Amino acid sequence: MLRFLPLKVGRLYRCLKLLLVVGLFVILLMNTHSLFASFQKNELTDRRFINLNKCPACFGTSWCRKFMNGQVSFETWGRLRFLDVFNVKNVYFAQYGEPREGTRRVVLKRLGSNQELAEIDQKICKRATGRPRCDLIQAMYKTEFARINGDVRLLTPEVVEGWSDLVHCPSQRLLDRVVRRYAETKDSGSFLLKNLKDTERMQLLMTLAFNPEPLVLQSFPSDEGWPFAKYLGACGRMVAVNYVGEELWSFYNAPWEKRVDLARQLMDIAEQLTNNDFEFALYLLDVSFDNFAVGPRDGKVIVVDAENVLVADKRLIKQNKPENFDVWYESRFEECDREACLSFSKDSLCTRVTVDHNYYAVCQNLLSRYATWRGTTGGLLHDPPAHIAKDGQLESLLDECTRPKKRYGRFQAAKELREYLTQLAASSSSVTASTLSDGWAAIRGVGKRGSGTHTTLDSSYRKPEYPSNKGSDVAQTTSPLNC
Numbered sequence: 279m280l281r282f283l284p285l286k287v288g289r290l291y292r293c294l295k296l297l298l299v300v301g302l303f304v305i306l307l308m309n310t311h312s313l314f315a316s317f318q319k320n321e322l323t324d325r326r327f328i329n330l331n332k333c334p335a336c337f338g339t340s341w342c343r344k345f346m347n348g349q350v351s352f353e354t355w356g357r358l359r360f361l362d363v364f365n366v367k368n369v370y371f372a373q374y375g376e377p378r379e380g381t382r383r384v385v386l387k388r389l390g391s392n393q394e395l396a397e398i399d400q401k402i403c404k405r406a407t408g409r410p411r412c413d414l415i416q417a418m419y420k421t422e423f424a425r426i427n428g429d430v431r432l433l434t435p436e437v438v439e440g441w442s443d444l445v446h447c448p449s450q451r452l453l454d455r456v457v458r459r460y461a462e463t464k465d466s467g468s469f470l471l472k473n474l475k476d477t478e479r480m481q482l483l484m485t486l487a488f489n490p491e492p493l494v495l496q497s498f499p500s501d502e503g504w505p506f507a508k509y510l511g512a513c514g515r516m517v518a519v520n521y522v523g524e525e526l527w528s529f530y531n532a533p534w535e536k537r538v539d540l541a542r543q544l545m546d547i548a549e550q551l552t553n554n555d556f557e558f559a560l561y562l563l564d565v566s567f568d569n570f571a572v573g574p575r576d577g578k579v580i581v582v583d584a585e586n587v588l589v590a591d592k593r594l595i596k597q598n599k600p601e602n603f604d605v606w607y608e609s610r611f612e613e614c615d616r617e618a619c620l621s622f623s624k625d626s627l628c629t630r631v632t633v634d635h636n637y638y639a640v641c642q643n644l645l646s647r648y649a650t651w652r653g654t655t656g657g658l659l660h661d662p663p664a665h666i667a668k669d670g671q672l673e674s675l676l677d678e679c680t681r682p683k684k685r686y687g688r689f690q691a692a693k694e695l696r697e698y699l700t701q702l703a704a705s706s707s708s709v710t711a712s713t714l715s716d717g718w719a720a721i722r723g724v725g726k727r728g729s730g731t732h733t734t735l736d737s738s739y740r741k742p743e744y745p746s747n748k749g750s751d752v753a754q755t756t757s758p759l760n761c
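Positions 279 to 761 (the working numbering) are the ones given, in order, by the sequence shown.
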């Protein structure tokens with residue numbers, strides 16, 4: 279009887295596919311008129327479609343001329359509105375054209391689902407009038423976003439702390455950077471709020487509270503070497519960013535050499551965001567295969583979803599010296615029955631100088647055998663070549679990086695894993711296990727802490743004590759959009 283089970287499952291699968299095709303065909307017939315209309319009209323020139331009519335309860339206006347001139351248009355499938363039911367995140371692919379430069383692909387984002395955007399309007403109205411519906415433009419001038427007017431010199435931490443992950447524990451230095459690099463104003467370059475128009479201030483604060491991704495991209499731009507997509511501009515509630523390439527998930531079954539190179543880059547990103555010359559630690563709180571993309575030409579890995587990035591100012595932490603600030607913080611591995619989940623304490627990320635969160639997030643959710651995504655397990659480095667598997671070094675480092683057995687073992691494992699992946703990437707596919715082992719032994723011989731280009735941990739830090747684990751995110755965000 280068991281031999282017939284695969285046949286039944288296969289037949290059921292074919293029936294489901296047929297029903298799906300028939301269903302889509304029926305939807306097409308029911309939307310024939312709107313289908314042709316969608317192809318004939320560029321909806322991105324419609325003020326209501328891009329919610330320009332809701333400004334200043336929007337994300338900016340710097341690209342409105344390009345939208346209104348028809349320089350931005352949806353690609354084929356993006357024009358079909360009945361498919362929006364499948365596009366919950368409201369992310370679209372579009373073409374942007376300049377007369378002298380030709381066209382190029384861009385990504386358009388509404389920064390939230392339709393439900394989340396509708397909830398914004400309701401919360402703004404309730405704050406201003408006590409009713410769920412109102413004149414949104416007038417209501418904005420009665421909210422927290424309008425109370426910070428031109429008389430206020432600086433955007434200060436006590437005003438916006440906890441509004442979103444970006445400003446969960448903001449320093450004045452971070453906020454000055456955000457205001458100074460704000461791209462939705464013609465007079466950018468100053469950290470003084472008085473240089474922003476009233477509408478620009480409200481748009482900045484609205485973005486900061488609802489989805490700060492545009493501000494992360496502006497404050498830590500790709501042009502300066504940060505591993506984020508390039509911010510282009512906004513019009514209404516539609517934000518444009520540079521198209522990077524296919525999502526990381528597309529490379530899950532790529533050749534081994536390619537996956538090794540991608541893994542090495544991911545660990546480099548974790549290191550860069552943790553330790554950099556600016557002394558800003560950018561902790562990725564949402565790490566999954568969908569949140570990274572790979573450039574088609576240079577093969578460079580880029581973060582394409584930066585909504586959940588917590589920024590801690592290490593310089594301020596060293597200055598204020600909160601309790602246990604110089605004790606290394608090691609994230610605790612926890613079993614999880616969901617995909618791409620992480621356990622962390624925002625308060626600990628905000629008060630420790632030395633933190634392993636980014637290494638933990640990349641190893642657990644992307645590289646190791648604990649990584650699960652879309653029903654698969656094994657991570658990006660699944661099924662290594664026989665000589666790599668036999669050597670056992672890669673599996674050992676991934677396990678220690680994800681679920682350390684030694685106290686503070688993840689710090690050393692992450693460092694050695696970066697070195698090992700670099701060695702693998704530099705080696706040809708014909709390298710034998712013995713040669714690789716010899717190369718690895720040579721690296722181990724010179725790879726002491728603080729050597730080469732690797733991070734040197736300040737010897738003045740006192741001997742680490744094992745930190746108490748606070749489990750999952752224990753600190754709640756207090757955004758003005760929360761009723």
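Cβ coordinates follow ideal geometry from the N, Cα and C atoms, glycine included. Since the structure is predicted, the reported quantities are computational estimates derived from the model, not experimental observations.
What would DSSP say about Val543, mapped onto helix, strand or coil? To locate residue 543, count along the sequence shown from 1; it is residue 265. What sits at residue 543 in the sequence shown is Gln, not Val. Residue state, collapsed to three classes: helix.
For Lys624, count neighbouring C-beta atoms within 10 Å of its own C-beta (all shown protein chains included) and say buried if the count is 16 or more, exposed if not. Indexing the sequence shown from 1 puts residue 624 at position 346. Buried is the call here.
Assigned exposure category for Glu549 - 16 Cβ within 10 Å defines buried: Within the sequence shown, numbered from 1, the residue matching residue 549 stands at position 271. By the 10 Å Cβ count, Glu549 comes out buried.
Terminal residues of the continuous beta strand (DSSP E) containing Lys387? Here the question's residue 387 lines up with position 109 in the sequence shown. That run of the beta strand (DSSP E) goes 380-387.
Rounded straight-line distance, which links the Cα of Tyr521 to that of Cys679: The residue given as residue 679 occupies position 401 in the sequence shown. The residue given as residue 521 occupies position 243 in the sequence shown. Taking the straight line joining both Cα atoms gives about 31 Å.
Span of the alpha helix (DSSP H) around Val456: Translated into positions along the sequence shown, residue 456 becomes position 178. From DSSP, the alpha helix (DSSP H) with Val456 extends over 450-458.
Give the range of the beta strand (DSSP E) segment to which Asn520 is assigned. On the sequence shown, position 242 is the one that residue 520 refers to. Unbroken beta strand (DSSP E) run through Asn520: 516-520.
With distances taken from CA atoms, which of Trp651, Leu644, Phe611, Asn368 is nearest Leu659? Within the sequence shown, residue 659 is the residue found at index 381, counting from 1. Checking every option, the nearest Cα to that of Leu659 belongs to Leu644.
Gly514 and Asn347 - do their beta-carbons sit closer together than 8 Å? Residue 347 sits at position 69 when you count from the first residue of the sequence shown. Residue 514 sits at position 236 when you count from the first residue of the sequence shown. Contact: no.
Pick out whichever of Arg378, Val369, Gly380 has its Cα sitting closest to the Cα of Ser391. The count along the sequence shown starts at 1 and reaches residue 391 at position 113. That would be Val369, whose Cα lies nearest to the Cα of Ser391.
Helix, strand or coil at Thr434 according to DSSP, with G and I counted as helix: Reading the sequence shown from its first residue, position 156 is the one you call residue 434. Thr434 falls in the coil class under three-state DSSP.
In terms of residue numbering, what span does the alpha helix (DSSP H) encompassing Ala703 cover? By one-based count along the sequence shown, residue 703 stands at place 425. Segment 687-704, the alpha helix (DSSP H) holding Ala703.
For Thr632 and Asp568, I'd like the C-alpha separation in whole angstroms. Walking along the sequence shown from the start, residue 632 turns up at place 354. Walking along the sequence shown from the start, residue 568 turns up at place 290. Going by the C-alpha atoms only, they are around 28 Å apart.
What is the rounded straight-line gap between the Cα of Glu462 and the Cα of Asn473? Numbered from its first residue, the sequence shown carries residue 462 at position 184. Numbered from its first residue, the sequence shown carries residue 473 at position 195. Roughly 12 Å between the two C-alpha positions.
Can you list, in chain order, the residues of its chain with a C-beta nearer than 6 Å to that of Ala518? Leave out the 5 residues immediately preceding and following it. One-based indexing of the sequence shown puts residue 518 at position 240. The beta carbon of Ala518 sits closer than 6 Å to those of Trp341, Val384, Leu386, Leu510, Gly511, all from its chain and outside the five residues before and after it, given in chain order.
Pair within 8 Å by beta-carbon distance, Gly380 and Gln349: By 1-based counting over the sequence shown, the position of residue 380 is 102. By 1-based counting over the sequence shown, the position of residue 349 is 71. For Gly380 and Gln349, no; Cβs fall outside 8 Å.
According to DSSP, Ala559 sits in a beta bridge with which residue or residues? Position 281 of the sequence shown, counted from the start, is the residue given in the question as residue 559. Partner(s): Ala590.
Just confirm the distance between the C-beta atoms of Tyr648 and Leu672, as a whole number of angstroms; I'd bet it's less than 8 Å. Taking the first residue of the sequence shown as position 1, residue 648 is located at position 370. Taking the first residue of the sequence shown as position 1, residue 672 is located at position 394. Wrong, their Cβ atoms sit about 14 Å apart, outside the cutoff.
Do the region 490-509 and the region 405-424 meet, that is, are 3 or more Cβ pairs less than 8 Å apart? The region 405-424 and the region 490-509 do not touch, with fewer than three beta-carbon pairs separated by less than 8 Å.
So does the region 610-625 actually touch the region 575-583, counting three or more Cβ pairs closer than 8 Å? no
So, at 7 Å on beta carbons, what are the nonlocal neighbours of Thr485 in its own chain, with the 5 sequence-adjacent residues on each side left out? Taking the first residue of the sequence shown as position 1, residue 485 is located at position 207. Only Phe337, Pro492, Leu493 meet the Cβ criterion.
Alpha carbon of Leu563 to alpha carbon of Lys536, nearest angstrom: Counted from its first residue, the sequence shown places residue 563 at position 285. Counted from its first residue, the sequence shown places residue 536 at position 258. When rounded, the distance between both Cα atoms is 26 Å.
According to DSSP, is Phe498 helix, strand or coil? As a first step, residue 498 is located in the sequence shown; it is residue number 220 there, counting from the start. In the displayed model, Phe498 falls within coil according to three-state DSSP, outside both helix and strand.
Measure from the alpha carbon of Ser691 to the alpha carbon of each residue in Cys403, Thr434, Tyr637, then state which is nearest. Position 413 of the sequence shown, counted from the first residue, corresponds to residue 691. As written in the sequence, residue 691 is Ala, which differs from the Ser given in the question. If we check each option's Cα against that of Ala691, Tyr637 comes out closest.
Using only alpha-carbon positions, find the residue among Val587, Phe611, His446 that is nearest to Gly687. By one-based count along the sequence shown, residue 687 stands at place 409. Gly687 has its Cα closest to that of Phe611, out of Val587, Phe611, His446.
Segment limits, alpha helix (DSSP H) that includes Leu414: Within the sequence shown, residue 414 is the residue found at index 136, counting from 1. Per DSSP, Leu414 belongs to the alpha helix (DSSP H) from 414-418.
Pairwise C-alpha distance: Asn489 and Pro758: One-based indexing of the sequence shown puts residue 758 at position 480. One-based indexing of the sequence shown puts residue 489 at position 211. A straight-line Cα-Cα distance of about 12 Å links Pro758 and Asn489.
Best match in Gly656, Ala664, Pro663 for proximity to Asp677 [C-alpha to C-alpha]: To locate residue 677, count along the sequence shown from 1; it is residue 399. It is Gly656 whose Cα lies nearest to the Cα of Asp677.
First and last residue of the alpha helix (DSSP H) that includes Glu671? Position 393 of the sequence shown, counted from the start, is the residue given in the question as residue 671. It is Gln, not Glu, that sits at residue 671 in the sequence shown. Where Gln671 is concerned, the enclosing alpha helix (DSSP H) stretches over 671-680.
Ends of the alpha helix (DSSP H) at Val640? Within the sequence shown, numbered from 1, the residue matching residue 640 stands at position 362. Its alpha helix (DSSP H) spans residues 635-640.
For a quick check, are the C-beta atoms of Phe570 and Val589 less than 8 Å apart? Here residue 570 refers to the residue found at position 292 of the sequence shown. Here residue 589 refers to the residue found at position 311 of the sequence shown. No.
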